[in-house]
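K.L.:
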Amino acid sequence: MSIIRIIVGGRFGLRAVKYLLKQDKAFQVVLVDRDQKKLDQASELDCMTELADGIAYLNTHLKSGNLPAWIVL
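Residue numbers (my numbering): 1 to 73.
1. Looking at the structure shown, is Arg-34 part of a helix, part of a strand, or coil, going by DSSP?
2. Is DSSP giving Val-8 helix, strand or coil here?
3. Do Lys-18 and Leu-45 have their C-beta atoms closer together than 8 Å?
4. When you compare only the Cα positions, how much space is there between Asp-24 and Ala-42?
5. From which residue to which residue does the beta strand (DSSP E) around Leu-51 run?
6. Between Thr-60 and Leu-31, how many whole angstroms is the CB-CB distance? I'm expecting something under 8 Å.
And the structure:
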């Protein structure tokens with residue numbers, strides 16, 4: 001399963017989540033934003049959400065060696 005992390009859940013981020021999930025259900029999409037309201041908008045979508053600052057999230061996860069297939073900013 002490919003992991004795709006989308007940093008910032010604005011209009012583009014939510015649109016990217018919807019598009020990717022339509023393309024292939026094998027994707028595991030993680031939407032990261034520091035605004036809970038934006039994450040709540042994604043609650044109907046089949047994706048994981050993470051309440052965090054995008055840069056801090058990337059800094060932590062990229063150092064862990066658990067690299068995603070794609071990162072969308």
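Just so you know, even glycine gets a beta-carbon here, dropped at the ideal spot from N, CA and C.
P.N.:
From the atom records:
1. As a working note, residue 34 is residue 34 in the sequence shown. Three-state result, Arg-34: coil.
2. For the purposes of this step, residue 8 is taken as the residue at position 8 of the sequence shown. DSSP places Val-8 in coil when its eight states are reduced to three.
3. Within the sequence shown, the letter at position 18 stands for residue 18. Within the sequence shown, the letter at position 45 stands for residue 45. The Cβ atoms of Lys-18 and Leu-45 lie closer than 8 Å to each other.
4. The count along the sequence shown starts at 1 and reaches residue 24 at position 24. The count along the sequence shown starts at 1 and reaches residue 42 at position 42. Straight across, the Cα-Cα distance linking Asp-24 with Ala-42 is about 18 Å.
5. Numbered from 1 along the sequence shown, position 51 holds the residue referred to as residue 51. Here the beta strand (DSSP E) through Leu-51 covers 48-51.
6. Sequence index remark: in the sequence shown, residue 60 carries index 60 (1-based). Sequence index remark: in the sequence shown, residue 31 carries index 31 (1-based). By a beta-carbon distance limit of 8 Å, Thr-60 does not contact Leu-31. Their separation comes to about 16 Å.
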